[in-house]
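Engineer:
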Amino acid sequence: MAEYQEFDEPVPFFQGGRYWETALLVVADPSRVGAFLQGKSIRTIPESDFAAIVRAGLSETLAADNAIRLELDPRHVDGPTQELLDLPLVDQERRIEQILTNRKIREASFRRKVCDAYDSRCAITGLRIVNGGGKSEAQAAHIWSVADGGPDVVQNGIALSATVHWLFDRHLISLTDDYRILVSHNKVPSELRMLFAKQMDRIHLPADERLWPHPAYLALHREKFSGIV
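Sequence positions in the sequence shown follow UniProt numbering and run 1 to 229.
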């Protein structure tokens, strides 16, 4: 589960007048594709098909127009990552395994999905600041950390302003199962407590309820919060 990565958008079975699977290109009559696949709901596909599908699924993350917003610009990535990003599409497909396992690219994909889900607004302060390049002040925080095995899925993420993110990562604040804020008042500096003036109110959540933080991840976060309080 820790290595699971969602696509930016689902890749349809049929797109742009063609099937992604080269094996289906030999079926002359499109109405016979279903019959051709009967009994083959689980099947192997060539590596080239797999790479093309994955590259299409990550097209938003890898789009040059999103580089600054997702911190995949030269200021934020190392040499090997920049090399992958600069490759032509066909060469990216050939090196798709490196793209899938590259931590900076995975973080960018996670950031895009989480910030979009929360409309670039900090879930706790409600603050929404977006610069001219489309980059939000809110950051994508993992609830169950990657270091502990947490996956890069929106339900394991929450959009937080930088200071709130820092407190959340150190388990000085947490969330209840009904999405209210828990604060370690004896650990959080008094000058920061004003950020949590509406502690009893529910946090800002995605419009799509399916993207809300999962209770299982919140419970894991609270375990460490409880050990600090």
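Glycine is no exception: its CB is placed at the ideal position from the N, C-alpha and C atoms.
Taking only runs of the alpha helix (DSSP H) that begin and end inside the UniProt domain "HNH nuclease" (122-175), which ones reach a length of at least 4 residues, in chain order?
Structural biologist: Here the runs fully enclosed are 162-169.
Engineer: Name the residue from Asp201, Phe14, Arg222 whose alpha carbon lies nearest to the alpha carbon of arginine 170.
Structural biologist: The residue with the shortest Cα to Cα distance from arginine 170 is Arg222.
Engineer: Return the chain-ordered list of same chain residues with a C-beta closer than 8 Å to the C-beta of proline 74, the five sequence neighbours on each side being excluded.
Structural biologist: Cβ neighbours of proline 74 beyond the five flanking positions: Gln82.
Engineer: Quick one: what's got a C-beta closer than 6 Å to serine 136's C-beta in the same chain, skipping five residues either side?
Structural biologist: Cys115, Ser120, Val130.
Engineer: For alanine 64 and glycine 79, what's the separation of their Cα atoms in angstroms?
Structural biologist: About 16 Å.
Engineer: Is tyrosine 118 helix, strand or coil when you go by DSSP?
Structural biologist: In the structure shown, tyrosine 118 sits in coil (DSSP, three-state: anything other than H, G, I, E or B).
Engineer: In angstroms with no decimal places, state the Cα-to-Cα distance between aspartate 86 and leucine 62.
Structural biologist: Cα to Cα, aspartate 86 sits roughly 10 Å from leucine 62.
Engineer: Here's a check: name, in chain order, each residue in its chain whose Cβ is nearer than 7 Å to the Cβ of glutamate 209, leaving out the five neighbours to either side.
Structural biologist: Contacts found: none.
Engineer: Does aspartate 91 pass the burial test, meaning 16 or more other C-beta atoms within 10 Å, or should it be called exposed?
Structural biologist: That one is exposed.
Engineer: Among Glu6, Ile124, Pro30, which has the Cα closest to the Cα of arginine 55?
Structural biologist: With distances taken between Cα atoms, arginine 55 lies closest to Glu6.
Engineer: Thinking C-beta only, is glutamate 9 closer than 8 Å to aspartate 49?
Structural biologist: Not a contact, by the Cβ cut-off of 8 Å.
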